[in-house]
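Residue numbers (our numbering), protein chains in the order written: chain B, -2 to 374; chain Y, 1440 to 1541; chain X, -15 to 316; chain R, 65 to 294.
Some notes on the structure that comes next.
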Amino acid sequence: MNHFFARHLYLVDFTVASLGRRRGRNLGLFAVYVLLVFVLASVSLMTHGLRREAQAILESSPEIVVQRMIAGRNDPVPTGAVAAITGIRGVRAVQGRLWGYYYDAGMRANYTLMVPPDRPVESGAVVIGGGIARLRQLDTGDIVHFMAPDGRIVRFTVSGTLDSASELVSADLVLMNEGDFRAFFGFPADRFTDVVASVRNPREVGTVASKIALALPEARVVTRADMLRTYEALFDWRGGMVAVVLSGAVLAFVILAWDKAAGLSADERREIGVLKAIGWETSDVIAVKFWEGALVSLLAFLAGYVLAYGHVFYFSGALFEPALKGWAILYPRFRLVPEINGQQVATIFFFTVVPYTLATIFPIWRAATIDPDTVMR
Amino acid sequence: MNKHLRLSTTSLSVLAVALAAALATLVDAALRFDSEALARRNRAALAETLQLSDLSLFTEARYTRHPALADLHSAFQDHPAALDHFPSAAWMPPTRWHEKQP
Amino acid sequence: MLFHPTIMALLLWSAAAVAGVAVAAAYGWTILMEWNPASGSARQLVLERRTYLVSTLMAVVLWGEVLSLWLFVYNADAMAVMFVGAMCAVGSLNADPYGFPALIAKIALFFLAVVWLQVNRADNQGWDYPLVRVKYALLLILVPAVVLSAGLQYAYFSGLRADVLTSCCSKLFEVDREGVGADMSSLAPMPALVLLYGGLGLTLLLSVWTWRRPVLSAALAPVAAAVFVAVMVSVVSVVSTYVYAQPQHHCPFCLLKPEYGYVGYALYLPLFVGTALAVSSWPVHHFRRAASLAQAAPAMTRSMAWVAAACYVAVAVVCTWIIAASELYYFR
Amino acid sequence: MTDTVLISLKKVSKIHNEGRPNEVQAVVGIDLDIARGKVTVLRGASGSGKTTLLTVIGCLARPSSGRVALDGRDISGMPERFLTRIRQETFGFVFQGFNLLRGMSALDNIMLPAYPQAPPHRWLRRRALDLLSMLRLEHRADTPVEMLSGGEAQRTAIARALVNDPPILIADEPTANLDTALTREFLGIAETLKAQGKTLILTSHDPRVFEAGMVDHVVTLRDGRVEERR
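The following block contains the structure:
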């Protein structure tokens, strides 16, 4: 065993010396490698962070949401539905919700207007999310004007802003009083946007949901678990898409690695010939070449990963902001909770180090089996 | 006596430092987790009281704001080039009608 | 459900493994057909050099397979949330009929690859390559195993359908399907513990004997393979319930989670290594008949038996510690 | 008498590029014994097959046919893996162009052949420094080899060949690029090594070498066959 380690230490000595002699080329490969790992790891850490964030919110979201469908389109739910659902066994609490979207033509941004179920908002006042406060430079006590769908300009006083640490869920919220909401949108008095229900026994959610579906045949019943699964699948699918898009980059990188390993200069071939002539065995040469790849790829992997960690958790994935923002004007400021997941790290490893290793096996073998007598010819 | 540092020693030390940095991210994550997770719990609490179900990350269109409760899952609702959030929509580009206008 | 980063990584890897083993087998075939150690011809030299490529490829395939086995289980656990009723990896694996066969094929492949690499290591110690034919014939058996494992994995992943909300949904998954819980068929605690300690004791005894008399590896190998299954059954039936302190929770995968202190790694690592070495000790010892390996083969067998014995002790210690530290009592 | 024969060649032939249009019969049916502790020179014009013969003797290549025995052990059919091991223990090579690895110091070059056996690093370094001082090169230990003069490069190559302490030293055209003074110096080193009990095998068509007093045997080759032995 000692001999094993001692031999590999010697081989590493030689590997590093020979990497150093071709510094330019190896640094180039190293830089590309770091960049690739950095991008893949950033995407992966970011999607995972957002996914966990979405999960955390969903876990505290209503257990059942009931929407009404007419011709496949959403329609406000009659207030009578609340009573109908309350009558179903196993239901703990039912509440009609009022919420909707408002397009701010001046800012070209979408807001979410909502009547908070838990806190009273005075008539003529609004509580706004951190994103809107920043976008329109509003603070408590300021006046804000919204244009109602019928053309009226409605004036509100900002009575408060939501905690800036919660921007990830509340950046675009405008909370107002029920009367103001109905008056602003001209929302019928006997309707709600949708209805939420909570269930006494969490195990019964499915049963209760099917009873609601039976009682209100036109309703679309969405359970929390459905949302959770859909989110999960959606994030995975998006991650998969990104991986497919980036696989082009991975492929280009693999070609680069292959080319580097296969395109031995006459000098390098002579060097391997000399090593074999002075008593190195083919497996020694393979081991040296293996170390070459291992040192470069491990170092690049670790460096790319650490950089990605800093990027995502200290700079909130600043480089991805344009992509996530899209055409949106409102973009929340957020700090993701740092969580590292072995599966992600292993997946990135599989996408980078493994193809690199595979791409270099054959060229390495070709190089290592050079005739030892080449140096004499 | 042996003042010559072996290359294997230096290079494996560099590797060890990189590994330590990678492990340090785990420690950093654990250290920051408590404070950040508190913020997350606050967010979740707000979401609970307001009965929210989605992140306010994608506000470009109505249906991207609340994917879990979208009123209708189809493209072109707010912008002719707005991407649907469903997998299949990513494959089919929107019609580029605006380029044909004079 | 193929558009998932980890699934794509696993599929990509299995495709690469098939390609790698196919290349190795193609070269192995030429070696098998044309090998002639008596000849000093250039062709023989070419064949000799191909052996290096084949063993390098096989080593990479083995290590990739180890990593991919781990990622496969990890991923199954992470995916559980997407399937109605699935609580952990067992539920994900049950979500499609090919789930468990794919896992079993991956485990079998791991053992086959270890056996091949150990035979290869033995062969490389004889100056006349005495095992070349056996070795490359074995390699040809590995090809269908790799292809089968890749095929099962593909069938599993492509058959998976996440239960998601789509625009038509008033459909409720909750009532459509029966929950695929984490329940697995299991033995009662007493017979399971007897099986566990009896099996571990038997293999430990046999590996110590093999260490003293390498010829006994012929008995050790099949017993170790059977005991591996027995240990897994008792882990599912009883050891896991001690870890979770819940007599109803029988998942062999949740042991790997941080909630349970990663105790699964401490259990599975020595179990897999020990079984792999015990199983390959026999074919290696079998080759003592070659004159050039008369010394080396038994020496290798003995060192393998020694390490295997240490591994079985470790498994027994970990199991005992789990049971002793548990809040669950079956017997008072 | 057999105990004085170190390497014995029986009907050795070597064909390059076998089976291809550019097939060359480099060496044809050679019988040759190399004596232990002596200096043997293979002499011949370029293309006479002496370098090829040297590769077969030095276990760098296997003969296409015939038998090679080292110390009475047949090594002609050995796989490369084991041939390398034997080469490592038995032979030290000084190549015609020296073939030092550029970009590495003289000391590192000298230590290279011992890497696979992995002796203790401190010991190996000491041994390489000792060899350098024996060859009066200690002041050049840390110099990159491309900065060495021709004579210094050759002495570095000799030190590299000796680092594993092989019983046989093989040198291919050792004096090809050297002036008379350096040639004399090389012959001096060779004589010292012979006195230490090493077997030396040289190729040369330089009369200064094969007419030197310490040379015991001269084998003249022509067209891959032995023309004359002395």
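Note that beta-carbon positions come from the ideal geometry of N, C-alpha and C, so glycine has one too.
Give a yes or no on whether the C-beta atoms belonging to residue 108 (chain R) and residue 114 (chain R) are separated by under 8 angstroms. yes
Report the residues of the segment 333 to 362 of chain B with a CB closer than 9 angstroms to any CB of chain X, ordered along the chain. 338, 339, 340, 341, 343, 344, 345, 346, 347, 348, 351, 352, 354, 355, 358, 359, 361 and 362
At 8 angstroms on the CB atoms, spell out the chain X contacts of residue 143 (chain R), in chain order. 21, 32, 111, 112 and 113
Within 10 angstroms of the Cβ of residue 144 (chain R), are there 16 or more other Cβ atoms? Answer buried if so, exposed if not. buried
Using beta carbons (cut-off 8 angstroms, strictly below), is residue 137 (chain R) in contact with chain X? no
Would you kindly work out how many angstroms separate the C-alpha atoms of residue 68 (chain R) and residue 279 (chain X), rounded to a whole number? 31 angstroms
For residue 26 (chain X), return the contacting residues in chain R, with the cut-off set at a CB-CB distance below 7 angstroms. 82
Residues near residue 127 (chain X) in its chain [Cβ-Cβ closer than 7 angstroms; skip 5 each side]: 5, 6 and 9
Proximal residues to residue 178 (chain R) (C-beta, below 7 angstroms), its chain only, five neighbours per side dropped: 188, 227 and 228
Using beta carbons (cut-off 8 angstroms, strictly below), is residue 347 (chain X) in contact with chain R? With chain X covering only -15 through 316, there is no way to say anything about residue 347 (chain X).
Residue range of the beta strand (DSSP E) that residue 164 (chain B) falls in? First-last for residue 164 (chain B): 164 to 167, but that is the alpha helix (DSSP H), not the beta strand (DSSP E).
Residues in the same chain with beta-carbon distance under 7 angstroms from residue 298 (chain X), minus the five sequence neighbours each way, listed in chain order, please. 254
Contact list for residue 151 (chain R) against chain X, beta-carbon separation under 9 angstroms: Neighbours of residue 151 (chain R) on chain X: none; closest Cβ ~14 angstroms, over 9 angstroms.
Could you give the DSSP three-state label for residue 96 (chain B): helix, strand or coil? strand
Along the beta strand (DSSP E) that carries residue 220 (chain B), what are the first and last residues, could you check? 216 to 220
For the candidate residues X:301, X:232 and X:236, whose alpha-carbon lies nearest to that of residue 73 (chain X)? Among X:301, X:232 and X:236, the Cα nearest to that of residue 73 (chain X) is on X:236.
Would you kindly check if the distance between the Cβ of residue 97 (chain B) and the Cβ of residue 189 (chain B) is under 8 angstroms? no
Considering only their Cβ atoms, is the gap separating residue 58 (chain B) from residue 1482 (chain Y) smaller than 8 angstroms? no
Looking at the C-beta of residue 238 (chain B), does it have a partner C-beta in chain X at a distance below 8 angstroms? yes
Could you tell me whether the Cβ of residue 248 (chain R) comes closer than 8 angstroms to any Cβ of chain X? no
Quick check on DSSP: helix, strand or coil for residue 119 (chain B)? coil
Is the CB-CB distance between residue 284 (chain B) and residue 353 (chain B) below 8 angstroms? no
How would you call residue 172 (chain R), buried or exposed, if buried means at least 16 neighbouring beta carbons within 10 angstroms? buried
Beta-carbon of residue 118 (chain B) versus every beta-carbon of chain Y: anything under 8 angstroms? no
Could you spell out the range, first to last residue, of the beta strand (DSSP E) harbouring residue 181 (chain X)? Element bounds for residue 181 (chain X): not the beta strand (DSSP E) but the alpha helix (DSSP H), 173 to 196.
Taking Cβ to Cβ, would you say residue 248 (chain B) is nearer than 8 angstroms to residue 0 (chain X)? No, they are not a contact pair.
Could you name the residues of the same chain whose beta carbon sits closer than 6 angstroms to that of residue 172 (chain B), not counting the 5 residues immediately before and after it, in chain order? 111, 113, 118 and 124
Can you tell me the Cα-Cα spacing of residue 138 (chain B) and residue 121 (chain B), whole angstroms? 12 angstroms
CA-to-CA distance, residue 254 (chain R) to residue 196 (chain R), given in whole angstroms: 15 angstroms
For the 8 angstroms Cβ check, are there 3 or more pairs between the segment 365 to 374 of chain B and the segment 266 to 277 of chain B? yes
Smallest Cα separation from residue 306 (chain X): which of X:177, X:36, X:107 and X:43? X:177
Quick check on residue 330 (chain B): does DSSP put it in helix, strand or coil? coil
Does any CB atom of chain Y fall closer than 8 angstroms to the CB of residue 166 (chain B)? yes
Going by the CB atoms, is the gap between residue 29 (chain X) and residue 18 (chain X) shorter than 8 angstroms? no
Does the pairing of the segment 326 to 344 of chain B with the segment 1460 to 1470 of chain Y give three or more beta-carbon distances under 8 angstroms? Counting Cβ pairs under 8 angstroms, three or more are found: they touch.
Shorter than 8 angstroms from the beta carbon of residue 48 (chain X) to some beta carbon of chain B? yes
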